[in-house]
Every structure is written in C-alpha cells, then in structure tokens.
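Visitor: Before I ask anything, here is the structure I am working with.
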Amino acid sequence: MEERIYTIPLMKAKSVPRTKRAKRAIKEIKEFLARHMKVEEVKIDSSLNELVWERGIKKIPSKVRVKAVKMEDVVWAYTPEAEVKLPEEKEKKKKKVKEEKKEIEEAEEK
C-alpha cells in the first residue's frame, strides 16, 4: 500500500463550457492520478467528489489537495482530511460471517 498527497491543478477544466466544468474536473483528477501513480483504474471517494461539486457545476476550485492510496492496480483518491476506509476490511468481515454461517449449519445437521 502506497500513499501520496498531491495538489492537482484544475485550470484546464475552466477552459470547457460552464455546464461541463465539474465533470471535466473529476476527469482531470483521474487522469492526473493515473499518470503519476502509473495505474489505469482510479476510484474517487465521495468526499472528494463533493468537494469538487460543492459550489455547483460552474464554479469549480482552481486546485485540489488529494490523498492517493495505491493498492495493487487501483488508486483510491480521498481528501487529506477524510478517514480512509480500505475495501479489504469489508471483505474480511464478509468471510467471517460466511464461516460462522457454515459452522451453524454444520452444528444443526449433527
């Protein structure tokens, strides 16, 4: 797991029509992280998405600070203040629940 913090400029997104700026800013963030972290798949956290869309589609921030966490071939992008929830934790919980269900079923069969 690799973590980095970047300041991503979004001025290129200001050159597109006003009604497409926020969408273009999200695309710029994904392209920047894919280029710098050397991966193809980039996931954006809802807190970062809300930060870009906070003032609406027309008035995007000129730059954004992003915490990028690289796990295997996927980069997860968060705001630096956001608490990082890793997807591995969710998978572990699911496995435990499945194992417990199997144990209960085996106990009932006996």
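Numbering (the numbering used here), first residue to last: 2 to 111. Where is the CB? At the ideal position from N, CA and C, for every residue including glycine.
Would you mind giving the Cβ-Cβ distance between lysine 68 and threonine 80, rounded to the nearest angstrom? I have them listed as a contact below 8 Å.
Guide: Within the sequence shown, numbered from 1, the residue matching residue 68 stands at position 67. Within the sequence shown, numbered from 1, the residue matching residue 80 stands at position 79. That belief holds up - the Cβ atoms of lysine 68 and threonine 80 are roughly 7 Å apart, short of 8 Å.
Visitor: Can you round the beta-carbon distance between valine 17 and lysine 31 to whole angstroms, since I take them to be within the 8 Å contact cut?
Guide: Along the sequence shown, one-based indexing puts residue 17 at 16. Along the sequence shown, one-based indexing puts residue 31 at 30. Between lysine 31 and valine 17 the Cβ distance is about 15 Å, and since that is not below 8 Å, they are no contact.
Visitor: Our contact map puts valine 53 next to alanine 26 with C-beta atoms below 8 Å; I'd like the distance itself, whole angstroms only.
Guide: Locating residue 53 in the sequence shown gives position 52, where the first residue counts as 1. Locating residue 26 in the sequence shown gives position 25, where the first residue counts as 1. Confirmed, Cβ separation roughly 5 Å.
Visitor: So for lysine 26, helix, strand or coil by DSSP?
Guide: Position 25 of the sequence shown holds residue 26. The amino acid at residue 26 is misidentified as lysine; the sequence shows alanine. Residue state, collapsed to three classes: helix.
Visitor: If you compare alpha carbons, which of Asp74, Arg36, Glu55 is closest to serine 47?
Guide: Within the sequence shown, the letter at position 46 stands for residue 47. When each option's Cα is compared against that of serine 47, the closest is Glu55.
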